[in-house]
Ligand code: CTP
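Residue numbers (the working numbering): 62 to 464.
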């Protein structure tokens, strides 16, 4: 069954450049099985045509409080009662102020006041100075204190040329947040997930090692996002300086061989395996027992291949759903597709790495590919992107277990 099947979503659209993204959001909601009714403010109509939303949702779009035609079909109080959730995206500073103050001077603000819908989700979109203004911040704090979920805004370049917080979060993130709320955050309840994260260290001598720049942040964010969906998570971590996420069983390892042992020990009963670690492909053929001295002008190291943990797990007869990562400096899509096939995976999440991208950064962008589909997840914080990726994993895992 589709995740939002039968849920009644009232989508409010207010006047912002990001209003065009509301069409994509409506499409995702309908595709997910939701019944969607759209209410636009009068000014929002300047940014996106109601016909577009009507075509996507198959329902008339309303923009006026006193509209005899629509009121006779479904009065506004009836519409307020119909809504199971009111989702406003994009939400302007003005809409946030009106809602915070409990005003009801157009259809959307009236519906917000008249509705008993327990959940009002708001995705702000505005100029960065307007978002930062103490009045807006106070209004947002007021909404939060009333259990309104505020999604975003994202940080970045704005249509007006400014850079800062105020961009509407991506529709896929809003969809994921709604799914979470309706599923009670339990899409992976009772599922055991084994996850590798961080770098490995391959010793050269008692004080030196070969390593890489992986910080483990993406893997740790995934562990938290998996727990939030009810999964039982075993996190096998290379050497990182991160706190263990709540309710996660953590096994610390140093080398690729130790990581492989920990994975195979933890695997029985696992429904999903996610290989997020940057495992060293090679290790020194010998580890010097004493510190290597600089006795020569050059030094040649002999390296031998490490086992590919992910390929080994994917090759098991009774294997879990396998998700790999591909960090690439170029030709991301081509290499990711090749790795998906070569390793026999169910899904791969690829990202571009380079200076200040990927490994040590606090945000990430991913191209997620599975057999028969793909989705690009725009640059956002690692916890946000982890929540989206876990949703995609749950989608494909559900699809596979249903067949
Ligand atoms: N992986 C693994 N064990 C290894 C190496 C990699 O489990 N010994 C996993 C990683 O956790 C990641 C994926 O495989 O999910 C990365 O694939 P890989 O082909 O190893 O990527 P690169 O190391 O980037 O390979 P290449 O250098 O060929 O691009």
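Even glycine gets a Cβ: it sits at the ideal position worked out from N, Cα and C. Everything numeric in this text was worked out from a predicted model, so none of it was measured.
Ordered along the chain, which non-local residues of its own chain (more than five positions away) have a Cβ less than 8 Å from that of residue 172? For this step, residue 172 is matched to residue 111 along the chain shown. Correct list, in chain order: 71, 73, 100, 137, 140, 141, 144, 147.
Closest to residue 68 by CA distance: which of 241, 343, 250, 406 is it? In the chain shown, counting from the first residue as 1, residue 68 sits at position 7. With distances taken between Cα atoms, residue 68 lies closest to 241.
Could you check how far apart the C-beta atoms of residue 306 and residue 285 are, in whole angstroms? I think they sit under 8 Å. Start at 1 with the first residue of the chain shown, and residue 306 comes out as number 245. Start at 1 with the first residue of the chain shown, and residue 285 comes out as number 224. Sure, about 4 Å apart at Cβ, within 8 Å.
Residue 173, DSSP secondary structure in three states: As a working note, residue 173 is residue 112 in the chain shown. Three-state DSSP puts residue 173 in a helix.
Beta carbon of residue 185 nearer than 8 Å to that of residue 163: Here residue 185 is taken as the residue at index 124 of the chain shown, counted from 1. Here residue 163 is taken as the residue at index 102 of the chain shown, counted from 1. For residue 185 and residue 163, no; Cβs fall outside 8 Å.
When you compare only the Cα positions, how much space is there between residue 105 and residue 80? Your numbering for residue 105 matches position 44 in the chain shown. Your numbering for residue 80 matches position 19 in the chain shown. Going by the C-alpha atoms only, they are around 7 Å apart.
Quick one: grab the DSSP three-state call for residue 290. Numbered from 1 along the chain shown, position 229 holds the residue referred to as residue 290. In the structure shown, residue 290 sits in coil (DSSP, three-state: anything other than H, G, I, E or B).
For residue 363, which residues in the same chain have their Cβ closer than 8 Å to its Cβ, ignoring the five residues on either side in sequence? Along the chain shown, one-based indexing puts residue 363 at 302. Once the five neighbours on either side are set aside, the close Cβ partners of residue 363 are 345, 346, 347.
Neighbourhood of residue 408 by C-beta distance below 8 Å, restricted to the same chain and skipping five residues each side: The residue given as residue 408 occupies position 347 in the chain shown. 382, 383, 384, 385, 401, 429, 430, 431, 453, 454, 457, listed in sequence order.
When the Cβ atoms of the segment 218-227 are set against those of the segment 252-262, are three or more pairs found closer than 8 Å? Contact between the segment 218-227 and the segment 252-262 is not established, with fewer than three Cβ pairs separated by less than 8 Å.
Less than 8 Å between the beta carbons of residue 197 and residue 150, yes or no? The residue given as residue 197 occupies position 136 in the chain shown. The residue given as residue 150 occupies position 89 in the chain shown. Not closer than 8 Å, so no.
If you scan the segment 189-218 from start to end, which runs of the beta strand (DSSP E) of 3 or more residues do you find wholly inside it? 215-218
Our contact map puts residue 341 next to residue 317 with C-beta atoms below 8 Å; I'd like the distance itself, whole angstroms only. By 1-based counting over the chain shown, the position of residue 341 is 280. By 1-based counting over the chain shown, the position of residue 317 is 256. Sure, about 5 Å apart at Cβ, within 8 Å.
Cβ of residue 312 within 8 Å of Cβ of residue 304? Locating residue 312 in the chain shown gives position 251, where the first residue counts as 1. Locating residue 304 in the chain shown gives position 243, where the first residue counts as 1. Going by C-beta atoms, residue 312 is not nearer than 8 Å to residue 304.
Where does residue 421 land, buried or exposed, given buried means 16+ other C-beta within 10 angstroms? The residue you call residue 421 lines up with position 360 of the chain shown. Per the 10 Å Cβ criterion, exposed.
Reference residue 426; option with closest CA among 246, 271, 331, 447: As a first step, residue 426 is located in the chain shown; it is residue number 365 there, counting from the start. Nearest C-alpha to residue 426: 447.
Considering only C-alpha positions, which residue in the set 395, 338, 444, 98 is nearest to residue 424? The residue you call residue 424 lines up with position 363 of the chain shown. The candidate whose alpha carbon is nearest that of residue 424 is 444.
May I ask you to check if the CB of residue 278 is nearer than 7 Å to at least one heavy atom of the ligand NAD? With respect to the ligand NAD, the structure shown offers nothing to examine, as its ligands consist of the ligand CTP.
Consider the C-beta atom of residue 337 and the heavy atoms of the ligand CTP; say whether any pair is separated by less than 7 Å. As a first step, residue 337 must be located in the chain shown, where it is residue number 276. Flag set: Cβ of residue 337 near the ligand CTP.
Rounded separation between residue 181 and residue 399 - CA only: Reading the chain shown from its first residue, position 120 is the one you call residue 181. Reading the chain shown from its first residue, position 338 is the one you call residue 399. Approximately 43 Å between the Cα atoms of the pair.
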